[in-house]
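**Student:** Residue numbers (the UniProt record's numbering): 1 to 297.
We put the CB at the ideal spot given by N, CA and C, even for glycine.
Here's a structure for you.
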Amino acid sequence: MTEKRIDGKAFAARLRERIGERAGEFAAKAGRQPGLAVVQVGEDPASQVYVRNKHKATVDAGMESFEYKLPADTSQDALLDLVEQLNLDNAVDGILVQLPLPNHLDEQSVIAAIAPDKDVDGFHVVNAGRLATGGEGFVPCTPYGCIMLLKDRLGDLSGKDAVVIGRSNIVGKPMAQLLLNENATVTIAHSRTKDLPDVVRRADIVVAAVGRAEMVKGDWVKPGAVVIDVGINRIERGEGQKAKLVGDVDYAGAEERAAAITPVPGGVGPMTIAVLLRNTLVAAHRREGITLAGDGL
Ligand code: NDP
């Protein structure tokens, strides 16, 4: 019997291994490694951890990692100048500006300055538009990772009733679009949705991207549904104890009814960096005009 728990960590590790092999093949053909530039402004502790992890994963996958750590008081113009320099740098295939930026900087105009074909985070409006209209662009890493896990578990998603809880530009909306592209029937729920438990109860696929600890209760889940929990919520446990991470879904309750469910941690989280590497690999191939067989890896 297939295990209920969807092991995103193991899936991501296999994906990263395949990416590493393909990065080696790319380097042999192109005479250079795929390159990812990560820009961090300021010293937000969570961002520092993410940037460190991304650097290590990039190098481990046989790609070149360019790190730019700028002081918290960096001006908008200086940041835009760096982005422009990276746009023009042939060794750089992907550019990622770590968010959130300090308050005095305008995130939207920084994202808009990244060349869409190097926007491996998939946040540029051109890439959002390509996703919406069926063009070839880059999809935000977290929802792309979710769809990979869903397709791996369910195969064909055609005709499935899917509910995405959350409508952010980086998770909820692209997630809904990806499900629609797979011919699922998609409902997008949000903070104004009426009778959310009833909406969830109808769904064959539930994707929770809310940011509220264990909000989705076990008895909201239709028996046999597949549950993807994107949420990462820190629960402080008092002095001397490490904070606990929980998702947006009550795992214990939902697991009893679901056919399959992602845990937190170890579910969606590890997929995000793996897809970032995948997008960088794809960007490198497109920029060099080299065919990458099986784009999705
Ligand atoms: P946002 O805060 O941008 O969006 C949250 C969404 O949830 C909004 O659309 C909001 O609705 C909706 N919402 C809030 N409260 C409710 C409610 N009571 N009922 C229904 N909907 C509600 O969050 P993100 O999309 O950026 O992230 C969501 C979660 O995913 C977070 O926990 C985040 O940490 C996690 N995350 C995990 C990643 C990973 O790698 N695993 C990557 C990115 C995010 P409205 O629009 O009406 O306000």
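#1: Report yes if the CB atom of residue 188 is closer than 8 Å to the CB atom of residue 203, and no otherwise.
#2: Extract the residue ranges of the beta strand (DSSP E) inside the segment 11–70, only unbroken runs of 3 or more that lie entirely within it.
#3: Return yes when at least one heavy atom of ligand 1 lies under 7 Å from the C-beta of residue 198, else no.
#4: Compare the beta carbon distance of residue 208 and residue 231 with 8 Å and say whether it is the shorter of the two.
#5: Taking all protein chains shown into account, do 16 or more other C-beta atoms lie within 10 angstroms of the C-beta of residue 290, making it buried, or fewer, making it exposed?
#6: I'd like the list of long-range same chain contacts for residue 298, defined as Cβ closer than 8 Å, with 5 residues on each side in sequence excluded.
#7: With distances taken between CB atoms, is the gap from residue 34 to residue 284 smaller than 8 Å?
#8: In terms of alpha-carbon separation, which member of 286, 38, 101 lies closest to residue 73?
#9: Measure the beta-carbon distance from residue 178 to residue 19 and round it to whole angstroms, keeping in mind my assumption that it falls under 8 Å.
#10: Under 8 Å between the Cβ atoms of residue 227 and residue 249?
#11: Do residue 190 and ligand 1 come close, with the Cβ less than 7 Å from some heavy atom?
#12: Report the residue ranges of all alpha helix (DSSP H) runs contained in full by the segment 122–208; include only those spanning at least 4 residues, in chain order.
#13: Comparing C-alpha positions only, which one of 78, 16, 243 sits nearest to residue 106?
#14: Could you tell me the alpha carbon to alpha carbon distance between residue 45 and residue 31, rounded to whole angstroms?
#15: Going by CA-CA distance only, name the one from 5, 184, 39, 224 that's closest to residue 68.
#16: Mapping DSSP to helix, strand and coil, what is residue 233?
**Tutor:** Reading it off the structure:
#1: Contact: no.
#2: Whole beta strand (DSSP E) segments, 3+ residues: 35–41, 64–70.
#3: For residue 198, the distance from the CB to the nearest heavy atom of ligand 1 is not below 7 Å.
#4: Yes, they are a contact pair.
#5: Per the 10 Å Cβ criterion, exposed.
#6: This structure cannot settle anything about residue 298, because the visible part of the chain is limited to 1 through 297.
#7: The criterion of a C-beta distance shorter than 8 Å is satisfied by residue 34 and residue 284.
#8: Ranking the options by Cα distance to residue 73, first place goes to 101.
#9: Actually they are not in contact, since the Cβ atoms of residue 178 and residue 19 sit about 20 Å apart, beyond 8 Å.
#10: The answer is yes: Cβ separation under 8 Å.
#11: For residue 190, the CB falls within less than 7 Å of some heavy atom of ligand 1.
#12: DSSP runs (the alpha helix (DSSP H)) wholly in the segment 122–208: 125–133, 141–154, 172–181, 196–201.
#13: Taking only the C-alpha atoms, the option nearest residue 106 is 78.
#14: Looking at the two C-alpha atoms, the distance is approximately 36 Å.
#15: Relative to residue 68, the option among 5, 184, 39, 224 whose CA is nearest is 39.
#16: Looking at residue 233 - three-state DSSP - the assignment turns out to be strand.
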